[in-house]
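A.B. asks: Quick mapping for you: the protein sequence lines, in order, are chains V and D. Here the first sequence stands for residues 2 to 328, numbered as in this note's numbering. Here the second sequence stands for residues 13 to 189, numbered as in this note's numbering. Positions of the beta carbon are idealized from the N, C-alpha and C atoms, including for glycine. After the structure tokens below, expect a handful of questions from me.
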Amino acid sequence: MAMAALRREGRRFASLISPRPITAVRSSPLYPTLEDEGPLGLRHISTQVVRNRMKSVKNIQKITKAMKMVAASKLRAIQTKTENSRGLWQPFTALLGDLPSADVKKNVVVTISSDKGLCGGINSTSVKISKGLHKLNSATGPEKETKYVILGEKAKAQLVRDSKKDIELIITELQKNPLNYTQVSVLADEILKNVEYDALRIVFNKFQSVVSFVPTVSTVLSPEIVEREAESGGKLGDLDSYEVEGGETKGEILQNLAEFQFSCTMFNAVLENACSEQGARMSAMDSSSRNAGDMLDRLTLTYNRTRQASITTELIEIISGASALEG
Amino acid sequence: MLRRALGLLPRPIAAARARSFSTDLPAAHTADATFMEAWNKVMPNMDPPKTPLSFMHPRPPTPSSIPPKLTVNFVLPYASELSTKEVDMVIVPATTGQMGFLPGHVATIAELKPGVLSVHEGSETTKYFVSSGFVFIHANSFADIIAVEAVPLDRIDANLVQKGLCRFHPEAELSHN
């Protein structure tokens, strides 16, 4: 109210002062000016721009906080399933061991990634590991070929760019329905039917804790390679000591075993990757909300400074006008 | 004082958790050395990916004498029914018929057909109906049974089973033709 009275006084005196010359350069179109011309040449610095920015940053903070909560609840749901499925691949590794360095001609790399983004760097890590495996296999010899089977949109976007001719199958929208073993076994069946392989390497992010995801590669060898490795001794040497019951030939049982092993390892891998995705999204959204909060603090300070500066400017003009009249 | 009491609390819980989750332990880093070397040559700037061996709980070696009990791991995609449980005998429905395994059985790989699996521990027997799967017996008297679906028999209702059979028998006949 006192302000309004002063302003009225200023207006009476300002009419005696010659009007300010109109400046030729107004606001440039690129950078919106903070200055505003009020009536009779009084300058108000606009706080509107800063206020708009503050509103949008606050909205972003709310959205990222909500996304973090959603990811946390999804993580809880899928984490129990994942931990229960961890016993599934252990018997296979106990029996057949794990031979990522087996020398094979036809390698197939199954890359598991997410469909949705905003989940940190886990998809890029999986793609980098897949490309590394490709390089590793081609480094050992010219007749070695490596093909990709891609699960998930994010890996597809990255691998289509430079390895388009090596991609055999692309599968997306895996998580439309909650993950279950039947769905994964059908998927595994499709892959085994359509792709010729000597070794399948599944690349995924293993869920260790909410902040730690370890890129892992699980190798499933075809029955012929298993036989070859068993005969040559080494890690699989004692496979021959196992009596094989049922079926006409040992080969038939080993074939079924390889398919079952693939579907079990895939099931575990898909669950672990889904868990890692939710965990990574949680931490990404958390750091994003924290950044938004910091930005909001800085903008509030700027806003207050701008507001106080405009008040001070008004006061100075009024008072200098009044003192000019007196003196 | 309260903090020290609180500090003591999680430890027994953590130990219990470590025992119940025998599935995830860091264990020995028996990773494949040739793989690591080959990887480091090709991609020196990136850490090599981990392999399942580094996440696995190591199995004991074959003992010289027959151990008294069989250690059974019965796993399903959704749960570990039994994990490292010491039992006397298991009878599994293999494709060649019912097979019984006692401690000290020769190492075997067998495929399962739908049927009843029974686990004998002392005087108690637990029976499960399994749909299919595999069973591995290792030389160190460890038995791994991996089934796609398994239900304890006491959860199956005999009447519903009969009704289902009546419904599906003619359908099965039709599908044969």
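#1: Name the one or two DSSP bridge partners that H132 (chain D) has.
#2: To the nearest angstrom, report how far apart Q110 (chain D) and K125 (chain D) are at their CA atoms.
#3: From this set, D:I168, D:C178, D:A151, D:V142, which residue's C-alpha is nearest E93 (chain D)'s C-alpha?
#4: Closer than 6 Å: is that where the CB of P143 (chain V) sits relative to any heavy atom of the ligand FMN?
#5: When you compare the CB positions of M283 (chain V) and K69 (chain V), do they come within less than 7 Å of one another, or not?
#6: So, V160 (chain D) versus G145 (chain D), is the Cβ gap smaller than 7 Å?
#7: Please identify the residue among V:G122, V:E144, V:E169 whose C-alpha is closest to the C-alpha of M286 (chain V).
#8: Can you confirm whether S143 (chain D), when its beta carbon is compared against all beta carbons of chain V, has any partner nearer than 7 Å?
#9: Do the segment 206 to 223 of chain V and the segment 58 to 69 of chain D meet, that is, are 3 or more Cβ pairs less than 8 Å apart?
#10: Would you kindly work out how many angstroms separate the C-alpha atoms of S324 (chain V) and I64 (chain V), rounded to a whole number?
#11: Given this structure, state the Cα-to-Cα distance separating V104 (chain D) from V204 (chain V), to the nearest angstrom.
#12: Kindly indicate which three-state DSSP category Q91 (chain V) falls into: helix, strand or coil?
#13: I'd like to know whether the C-beta of M103 (chain V) is nearer than 7 Å to at least one C-beta of chain D.
#14: Leaving out the 5 sequence neighbours to the left and right, which residues in its chain are closer than 7 Å to K53 (chain D) when beta-carbon positions are compared?
#15: For the segment 107 to 134 of chain V, which residues have a CB atom closer than 7 Å to at least one CB atom of chain D, in sequence order?
#16: I'd like to know if the segment 174 to 183 of chain V and the segment 131 to 151 of chain V are in contact, where contact means that at least 3 CB-CB pairs between them fall below 8 Å.
#17: Look up N178 (chain V) in the DSSP assignment and say whether it is helix, strand or coil.
#18: Leaving out five residues before and five after N152 (chain D) in sequence, what residues of the same chain have Cβ atoms less than 6 Å from its Cβ?
#19: Determine the direct distance from the alpha carbon of L82 (chain D) to that of T120 (chain D), and round the result to whole angstroms.
#20: For F148 (chain D), I'd like the list of residues in its chain whose CB is within less than 6 Å of its CB, leaving aside the five on either flank, ordered along the chain.
#21: With distances taken from CA atoms, which of V:I226, V:L160, V:S74 is nearest K129 (chain V)?
#22: With which residues is T196 (chain D) paired in a DSSP beta bridge?
#23: In whole angstroms, what is the alpha-carbon distance linking A200 (chain V) and T147 (chain V)?
#24: Mapping the DSSP letters down to three states, classify L186 (chain D) as helix, strand or coil.
#25: Contact defined as beta carbons within less than 8 Å: I believe D44 (chain D) pairs with L89 (chain V). What is the distance between those atoms, to the nearest angstrom?
#26: Who does G176 (chain D) pair with in a DSSP beta bridge?
#27: Taking buried to mean at least 16 other C-beta atoms within 10 Å of its own C-beta, is E327 (chain V) buried or exposed?
#28: Which chain V residues sit within Cβ distance under 9 Å of I78 (chain D)?
#29: Starting from the beta carbon of T91 (chain D), find every residue of chain V whose beta carbon is closer than 7 Å, and list them in chain order.
#30: Can we say the segment 134 to 148 of chain V touches the segment 107 to 115 of chain V, given the rule of at least three CB pairs closer than 8 Å?
#31: For the segment 262 to 281 of chain V against the segment 72 to 86 of chain V, do three or more pairs of beta-carbon atoms, one drawn from each stretch, fall closer than 8 Å, so that the two count as touching?
#32: Let me make sure I understand the geometry here. Which of V:T301, V:I254, V:P224, V:T314 has the alpha-carbon closest to that of A106 (chain D)?
#33: Would you kindly check if the distance between the Cβ of G116 (chain D) and the Cβ of I78 (chain D) is under 7 Å?
#34: Measure the C-alpha to C-alpha separation of A259 (chain V) and L297 (chain V) and round it to an integer number of angstroms.
#35: Check A91 (chain D) in the structure and name its three-state DSSP category.
#36: For chain D, check one thing: does any of its Cβ atoms lie closer than 7 Å to the Cβ of F268 (chain V)?
C.D. replies: Looking at the atomic coordinates:
#1: D:M101, D:T137
#2: Looking at the two C-alpha atoms, the distance is approximately 10 Å.
#3: D:V142
#4: Only the bare structure without any ligand can be found here, which leaves the ligand FMN out of the picture.
#5: Taking 7 Å as the cut-off, the beta carbon of M283 (chain V) is found closer than this to the beta carbon of K69 (chain V).
#6: yes
#7: V:G122
#8: Under the Cβ criterion of 7 Å, S143 (chain D) is not counted among the residues facing chain V.
#9: yes
#10: 53 Å
#11: 34 Å
#12: helix
#13: Sequence inspection shows Ala at residue 103 (chain V); the Met mentioned does not correspond to that position. Answer no: the Cβ-Cβ gap between A103 (chain V) and chain D never drops below 7 Å.
#14: none
#15: K129, I130, G133
#16: no
#17: coil
#18: P72, T74
#19: Just so you know, the alpha carbons of T120 (chain D) and L82 (chain D) end up roughly 14 Å apart.
#20: I121, D156
#21: V:L160
#22: Since the first residue shown for chain D is 13 and the last is 189, residue 196 (chain D) is missing from the structure and cannot be characterised.
#23: 10 Å
#24: helix
#25: Under the criterion of beta carbons closer than 8 Å, D44 (chain D) and L89 (chain V) do not qualify as touching, at roughly 21 Å.
#26: None, per the DSSP bridge assignment.
#27: exposed
#28: The premise fails here: I78 (chain D) is roughly 16 Å from chain V at the closest Cβ pair, so nothing lies under 9 Å.
#29: One point to set straight first is that residue 91 (chain D) is Ala, not Thr, in the sequence displayed. Result: N85.
#30: Taking a cut-off of 8 Å on C-beta distances, the segment 134 to 148 of chain V touches the segment 107 to 115 of chain V, as three or more cross pairs fall below it.
#31: yes
#32: Selected option, being the one with the closest Cα: V:I254.
#33: yes
#34: Cα-Cα distance, rounded: 56 Å.
#35: strand
#36: yes
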